[in-house]
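Numbering (my numbering), first residue to last: 5 to 709. These notes concern the structure reproduced below.
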């Protein structure tokens, strides 16, 4: 029987954090040369985002692709033999064309864009990424290596399995030496759950690629140079002289970057911080290389390595992760949530039962040092940290000094305000995590207090001026010194003016005496389906759209038009497009959409239980006088029921569609359709346009028992 490491979850968590730290550290100077880095920034020993005036946590292809594509195991089953074809279907379901996950640099220029174009036009993986289809230059860029960490994290101590799955994943978009690099690194990371010996890890990875490959050759040379030089600067010069960017075609070849990754771990593999210094100061594709090295170092050295040696790598990130994809509710994320998902994939691949959600709460603070995105608002004289109490176990400790105003401790639940400052290279596709009508619950107790404090739940919702406006729960608890009991707070989230997104959620603490103290947040969760009406607010001024209102929709369409007379107005030039709103928390609910109007084309209509771009149920207006209840599943459109309905272009109709357990019901104009299907158990709502355009009025969402 396969034995998983006893600290498997914590090591996955360290690997996820290492990936995030590496990417966010290297992102601001991605593609800089070593010489420019040394001239303008010097040796990279810590985050430099402030010096370059960019946020630290940003949208990035390295994070998005790594943690989205491995979710093929969710879409297509837990299968050690998962195929490139299945993973390619996940690409089409999750990557919003020209918008999310990777660099849309053009067919024949961006490898991922080229592979996506092939997949969309019927070339299945692995042909979609092969040298035979795309040529050597396109196929051997860096991307296959970038996205492989997830496959290793679900294969602890199983380098052969990691190599096999990473190879299948890599061949969706790449071939040749790029896939060799991906296989080697994935095998190393999987073996790192069992060994800290860098040479052993490299030897393990080499077992799974051809001995006559260029990757094998360059790894051998780098190892020899490291042994002879004893100085990473000298070795880096040799790598640049023989395998630099100028020696290869394309925008970002795998070989130069793979060389310096091995150099970094051979010189700095004993220390997370030293490895980060070397890989980032070396230049080239810094966020990609740093992310892969960071993940490996995290697995090897564990959580403690991320906050030792005088460097607090975790604090500025606070567990936060932004993942741009069509997966509603997965974009605003955190390392603890990602780690638990990957660990459960790995446990199921090993025929083990998954770990239940700790404390039955989205925010549980159970992993070492985890704060799950919670931060103290600017101006509050306080700090947060994960701590362990001998009675109640782990939780979030909020410590505040003497203060003159309330202490806010919140986490992001929708596109963050700082998105406006992020580079426009990778747009964020995201729906909020929480909604009007859902019940938020929290457990809280006093720590060391000098006097009573009042604690309420607080949300912040956006308004038309792109500002966050606080709203507090009526219910509150008063914590007093010496009371060690856990107190419960409950709050059904109120209607938000203009149906703007809830951007932040957490607690606010006020005190009569304003003295120092501690409050312990044990958990925070939300439950149930929403109960709300979504309607586009009036635009305040011509040319000034309600940006954060629009950002709460995953816009998987060619055209998103912020017309004030319609709640949704979308267009799709060719094929099928879907705009979606909600999360996988939604299971049993009814959607009532007023003024549904097909402008041209079809089928068009309303969807429920949306799980990406190509997985949902929908009631569609079909050309030539039909309405149909359908299930869309990857490349299949399965008609569940249909009826004659003489609809016309530009006419407005009210559409109702509900899903309760296996029952799917829809109605329009007195026509009712019903079917039984249990394949898609939850998901967001959506509006669908095919070869044309459609609009809607208000959208009502209600829970159904």
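The beta-carbon is built from N, C-alpha and C at its ideal position, and this holds for glycine as well.
Next item on the list: Could you give the DSSP three-state label for residue 26: helix, strand or coil?
Entry: helix
Notebook entry, point to check: Between 418, 190, 428, which lies nearest to residue 465 when the distance is taken from Cα to Cα?
Noted result: 418
Next item on the list: Measure the alpha-carbon distance for residue 227 versus residue 199 and round it to whole angstroms.
Entry: 19 Å
Checklist line | 8 Å Cβ cutoff met for residue 4 and residue 183 | finding: What the structure shows of the chain is the stretch from 5 to 709, and residue 4 is not part of that stretch, so it cannot be assessed.
Note to self: Measuring straight from C-alpha to C-alpha, what distance separates residue 23 and residue 288?
What the structure shows: 17 Å
Check: Would the beta-carbon of residue 326 fall within 8 Å of that of residue 558?
Finding: no
Checklist line | Spatial distance of residue 54 from residue 46 (CA atoms) | finding: 15 Å
Notebook entry, point to check: If you count every other CB in all the chains shown that lies within 10 Å of the CB of residue 579, and 16 or more means buried, which is it?
Noted result: exposed
Next item on the list: Check whether the region 570-578 touches the region 612-630, counting contact only when three or more Cβ pairs, one atom from each stretch, lie closer than 8 Å.
Entry: no
Item checked: Secondary structure of residue 474, DSSP reduced to three states -> strand
Check: Helix, strand or coil for residue 43 per DSSP?
Finding: helix
Next item on the list: Assign residue 237 to buried or exposed, taking buried as 16 or more other Cβ atoms, counted over all protein chains shown, within 10 Å of its Cβ.
Entry: exposed
Notebook entry, point to check: Hey, out of 195, 28, 216, 214, whose CA is closest to residue 208's CA?
Noted result: 195
Item checked: Counted within 10 angstroms of its Cβ, other Cβ atoms place residue 589 as buried (16 or more) or exposed -> buried
Notebook entry, point to check: Near residue 500, which residues of its chain fall below 7 Å by C-beta distance, leaving aside the five closest residues on each side in sequence?
Noted result: 440, 465, 506
Note to self: Please report the distance separating the alpha-carbon of residue 610 from that of residue 386.
What the structure shows: 46 Å
Note to self: Can you tell me where the beta strand (DSSP E) holding residue 608 begins and where it ends?
What the structure shows: 608-614
Checklist line | Meets three-Cβ-pair contact criterion under 8 Å: the region 448-460 and the region 484-491 | finding: yes
Notebook entry, point to check: Given residue 410, which residues of its chain have a CB within under 7 Å of its CB, disregarding the five upstream and five downstream residues?
Noted result: 512, 513, 514
Notebook entry, point to check: Thinking C-beta only, is residue 481 closer than 8 Å to residue 459?
Noted result: yes
Check: Does DSSP put residue 58 in a helix, in a strand, or in coil?
Finding: coil
Notebook entry, point to check: Can you tell me whether DSSP reads residue 645 as helix, strand or coil?
Noted result: strand
Next item on the list: With DSSP as the reference, label residue 504 as helix, strand or coil.
Entry: coil
Notebook entry, point to check: Looking only at its own chain, which residues have a Cβ that is under 7 Å from the Cβ of residue 269, when we skip the five neighbours before and after it?
Noted result: 202, 279, 297, 300
Checklist line | Proximity to residue 456 [Cα-Cα], best of 470, 483, 475, 462 | finding: 483
Notebook entry, point to check: To the nearest angstrom, how far is it from the Cα of residue 312 to the Cα of residue 154?
Noted result: 25 Å
Next item on the list: Name the residue from 487, 470, 591, 564 whose alpha carbon lies nearest to the alpha carbon of residue 550.
Entry: 470
Note to self: Using a Cβ-Cβ distance cut-off of 8 Å, determine whether residue 23 contacts chain C.
What the structure shows: Considering every chain present, this structure includes no chain C. It has just one protein chain.
Margin query: Quick test of the definition: if touching needs 3 or more C-beta pairs under 8 Å, does the region 349-360 touch the region 400-407?
Written below: no
Next item on the list: Could you name the residues of the same chain whose beta carbon sits closer than 8 Å to that of residue 97, not counting the 5 residues immediately before and after it, in chain order?
Entry: 79, 330, 615, 616, 617, 618, 619, 638
Notebook entry, point to check: Residues in its own chain within less than 7 Å of residue 92 by CB, not counting five upstream and five downstream?
Noted result: 123, 128, 129, 132, 176
Note to self: Going by beta-carbon coordinates alone, are residue 371 and residue 593 separated by less than 8 Å?
What the structure shows: no
Note to self: Contact defined as beta carbons within less than 8 Å: I believe residue 524 pairs with residue 414. What is the distance between those atoms, to the nearest angstrom?
What the structure shows: Wrong, their Cβ atoms sit about 17 Å apart, outside the cutoff.
Notebook entry, point to check: In whole angstroms, what is the alpha-carbon distance linking residue 211 and residue 205?
Noted result: 10 Å
Note to self: Quick check on the burial criterion: 16 or more other C-beta atoms within 10 angstroms. Buried or exposed for residue 676?
What the structure shows: exposed
Next item on the list: Scan the region 669-695 and note each continuous alpha helix (DSSP H) run of 4 residues or more that stays entirely inside, going in chain order.
Entry: none
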